[in-house]
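All remarks here apply to the structure that follows.
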Ligand SMILES: Nc1ncnc2c1ncn2[C@@H]1O[C@H](COP(=O)(O)OP(=O)(O)OP(=O)(O)O)[C@@H](O)[C@H]1O
Ligand SMILES: [Mg+2]
Ligand SMILES: [Zn+2]
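Spelled out as C-alpha cells, the structure:
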C-alpha cells in the first residue's frame, strides 16, 4: 500500500501511540484529513498547549498546569497520609472513587533496570524528603503487584520503615467479572491473603 | 463412510480430529485419529514430526523445537490454525491455536497476532490452553535428559509441573522477569565500577523477589521429582532385570563455571562439588526456609555476580543428578542403559500425568521405536496397554512388535498430505 508522504508520516506518528496498531493509526489519520482546517488547527494547538503548560507538581509530581497542583493546594486534603502511585493515571483512577481524602505522591514510574529506571530516575528521594518534613503518619503504597511493582514496594519499604511511620499496601484481588480459572497464581494468593469475612 | 465405528477407550483422553491449516508444510488437512494406536508412516521430511508438533502446540501452548513462532506458519502464507477436537472424561472439547502475520509499520519488523480458542471462547493468552488436552511426547531428543545440559532436565521437570498445575506458568514467568531485571542491574553496577548504597538496596529488593519465586519453583520441582522417582525406579529395575537401581537428586546450587557451555556439560560434574542443598535435605523444608537459603547464597556470591553480570543463584542454574547403582548415569552408563533410563523417566511422567488427569493422557511417539529393542518396546507396550491413545510416527513398520499393529489406524504422510492406508 502506498500513502502520499505527509499522510504516511502522520500514520507513522499515530502508530507510536500506546495501543495503536496500523489499522487504527490509518483510521485516525483519515479522520484528521476529513476535519475542517479550523478543527485541525484547534487540535494541534491543544496538543502544543497541553505539552507547554502541564508540568509535574513540584511536591507530588502529579500533572498540573499550576504548581502546587490542585490536590496539593487544597486545604481539605489530609496531609498526614500520602498515597504513593506509579503514574498520574493511577492517581486519577483512585480519585474517581472519591474515597480517599489524603495527599498523593507520583513516582513517575517503577523500578525497572531493563528500561533504565532506577530509584534515581523516580521521585523517590522527594518522597523520603516529604515523609521527613511533613509530619506524615501513614504511607499507602498503591502499586500494582507486578514484578517491577513488587521490587519498587520492597525498595520503598526498606527506606520508609526506619522512619517510624505506618507503611501499608493496598489489597489486590480478583477483577470483577474476571475468570477465576485464569486468574494467575500470584493474584489468587494475594486475593486469599486479603480475604474478608462476609 | 465405511469405517469401523470408533470405539471409545476407557479412562483415556482421546483426540478425535486434528485440523491443520497452513501449519508448517501442511496446506490443509483434517485427520480423524484412531481410538487406540494411530501410525503416521512416511519418508523423511514429509511432515510426520510437524503433525505431532501441532498436537503438542495446542496442548502445551508452545512448540519445543521452533525457535520462533513465525516458523510455524507455512511459508508464504499469512496465518495458520491448528484445531484439535478431543474427549476428556467423556466430554467433547475443542482447542484451537491461530497465529497470523500482521502488516508491520516498518519493513523488517515482524509482528504476530495470536488467538486461542478453548471450546469456542476466545483468549489472547496461550495460558488458556493449558490444562485441557494433556499429551506426553517421546522423542529421540529425550536422550538429552542424560546427555544434554542441565537446561534439558529443568525444562523437562517444569513441563511436567505445568501439565499438573498450569498456574505454575505465572511463577515461571515472574521468575524469568526477575532474572532479566536483576541481570541488567548487575550489568549496570559492574559497568559503573562501584556499588552505591542505593544499588545495594535495589539489589536487595530483587534478591527478595528472586528468593520468593525461586523458592516456589525449587519446592515445586522437588515435590514433583520425589513423586516421579519411585515410579522411574520401578521401571528401571524392571528393564534391567532388577540389577540396576536408579537414584535422582535435585541440586539447587549448580556447580560453577562450565554452566555456560551447557551442551558439553553433563550432570557428572555435580559429584565433584558437594551441593549447597539437595532434595533429600530439603524436601520437607518450608518454602520460607528455601527462600532463606537462597538469600544467603545470593549474599555469598554477590561479588562474583556483579563481576559476571549474571544471576548465579536460583532455579535457573539448578540441576537434577541421575545415578545408576551409585555412579553418574551420564559418565558411566552404557548407551543401552541410558535408553532404558530415559524410557523409565518418561514412563514415570506418563504415570504421574495419568494420575493427575484422572485418565491417561494422549501419547505422542516421534520416531522412537527404532531406538528401542524388543524388551524396551514390551515395557512401553505394557505401560501403554490398551487404554492409552497413541500417535506414532515412523519411516517404516518393520521392527514393530506385532501387538503394536493390532487394530491400529494407519496413515501415510507425503509432502504435507495425509492419507489413510489399509494394510
Ligand atoms: N513453515 C514451513 N512451511 C513449509 N514447510 C515447512 C515449514 N517448516 C518446516 N517445513 C518443512 O517440513 C519438513 C519437515 O517435516 P518434519 O520435520 O515433520 O519431517 P518428518 O516427516 O518428521 O521427517 P523425519 O522422518 O526426517 O523426522 C521439511 O521439509 C521442512 O522444509
Ligand atoms: Mg521427524
Ligand atoms: Zn501536587
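Chains as they are written, first to last, in the numbering used here: chain A, 423 to 620; chain B, -17 to 405.
Think of the CB as a built atom: it goes at the ideal place given N, C-alpha and C, for glycine as much as any other residue.
Rounded straight-line distance, which links the Cα of residue j to that of residue i
i: residue 478 of chain A; j: residue 230 of chain B; result: 58 Å
i: residue 128 of chain B; j: residue 304 of chain B; result: 8 Å
i: residue 307 of chain B; j: residue 324 of chain B; result: 16 Å
i: residue 517 of chain A; j: residue 558 of chain A; result: 20 Å
i: residue 196 of chain B; j: residue 280 of chain B; result: 12 Å
i: residue 386 of chain B; j: residue 0 of chain B; result: 22 Å
i: residue 144 of chain B; j: residue 606 of chain A; result: 13 Å
i: residue 320 of chain B; j: residue 442 of chain A; result: 53 Å
i: residue 96 of chain B; j: residue 481 of chain A; result: 44 Å
i: residue 368 of chain B; j: residue 341 of chain B; result: 13 Å
i: residue 432 of chain A; j: residue 282 of chain B; result: 54 Å
i: residue 5 of chain B; j: residue 52 of chain B; result: 10 Å
i: residue 252 of chain B; j: residue 233 of chain B; result: Here the model assigns residue 252 of chain B a pLDDT of 39, short of 50, so the residue's position is not dependable, and the following value carries that caveat. Roughly 8 Å separates the two Cα atoms.
i: residue 219 of chain B; j: residue 315 of chain B; result: 14 Å
i: residue 360 of chain B; j: residue 221 of chain B; result: 10 Å
i: residue 560 of chain A; j: residue 588 of chain A; result: 5 Å
i: residue 293 of chain B; j: residue 168 of chain B; result: 8 Å
i: residue 337 of chain B; j: residue 357 of chain B; result: 25 Å
i: residue 563 of chain A; j: residue 354 of chain B; result: 60 Å
i: residue 46 of chain B; j: residue -7 of chain B; result: 27 Å
i: residue 177 of chain B; j: residue 184 of chain B; result: 11 Å
Coarse secondary structure for residue i, derived from DSSP in three states
i: residue 173 of chain B; result: helix
i: residue 109 of chain B; result: helix
i: residue 117 of chain B; result: strand
i: residue 30 of chain B; result: helix
i: residue 488 of chain A; result: coil
i: residue 45 of chain B; result: coil
i: residue 404 of chain B; result: coil
i: residue 250 of chain B; result: In this prediction, residue 250 of chain B has a pLDDT of 39, which is less than 50 and means its spatial position is unreliable; nothing more can be read from the coordinates.
i: residue 370 of chain B; result: coil
i: residue 159 of chain B; result: helix
i: residue 531 of chain A; result: coil
i: residue -6 of chain B; result: strand
i: residue 359 of chain B; result: helix
i: residue 452 of chain A; result: helix
i: residue 392 of chain B; result: strand
i: residue 190 of chain B; result: helix
i: residue 217 of chain B; result: helix
i: residue 589 of chain A; result: strand
i: residue 440 of chain A; result: coil
Cβ-Cβ distance between residue i and residue j below 9 Å
i: residue 529 of chain A; j: residue 574 of chain A; result: yes
i: residue 550 of chain A; j: residue 582 of chain A; result: yes
i: residue 63 of chain B; j: residue 34 of chain B; result: no
i: residue 23 of chain B; j: residue 392 of chain B; result: yes
i: residue 332 of chain B; j: residue 370 of chain B; result: yes
i: residue 465 of chain A; j: residue 451 of chain A; result: no
i: residue 343 of chain B; j: residue 117 of chain B; result: yes
i: residue 525 of chain A; j: residue 547 of chain A; result: no
i: residue 206 of chain B; j: residue 142 of chain B; result: yes
i: residue 37 of chain B; j: residue 350 of chain B; result: no
i: residue 164 of chain B; j: residue 541 of chain A; result: no
i: residue 93 of chain B; j: residue -5 of chain B; result: no
i: residue 109 of chain B; j: residue 152 of chain B; result: yes
i: residue 470 of chain A; j: residue 156 of chain B; result: no
Taking any Cβ of chain A, which residues in the segment 180 to 192 of chain B have a Cβ under 7 Å from it, in chain order?
-> 180, 183, 184, 186, 187, 188, 190 and 191
Residues within the segment 153 to 172 of chain B neighbouring chain A, beta-carbon criterion of under 7 Å | 153, 156, 159, 160, 162, 163, 166, 167 and 170
Can you list, in chain order, the residues of the segment 370 to 398 of chain B whose Cβ is nearer than 7 Å to any Cβ on chain A?
-> none
Taking a Cβ distance cut-off of 8 Å, strictly less, list which residues of the segment 531 to 565 of chain A are near chain B, in chain order.
-> 533, 534, 535, 536, 540, 541 and 542
Relative to chain B, which residues along the segment 578 to 593 of chain A have a C-beta separation below 8 Å, given in chain order?
-> 580 and 581
Identify each residue in the segment 135 to 154 of chain B for which the Cβ-Cβ distance to at least one residue of chain A is less than 7 Å, and report them in chain order.
-> 149, 152 and 153
Report the residue ranges of all beta strand (DSSP E) runs contained in full by the segment 49 to 98 of chain B; include only those spanning at least 3 residues, in chain order.
-> 61 to 70 and 73 to 84
Pick out the complete alpha helix (DSSP H) segments inside the segment 314 to 357 of chain B, 4 residues or longer, and give them in chain order.
-> 317 to 339
Every unbroken alpha helix (DSSP H) within the segment 498 to 578 of chain A, with a cutoff of 4 residues, ordered by chain = 510 to 518 and 546 to 555
Using Cβ-Cβ distances below 9 Å, what residues of the segment 495 to 518 of chain A are close to chain B?
-> none
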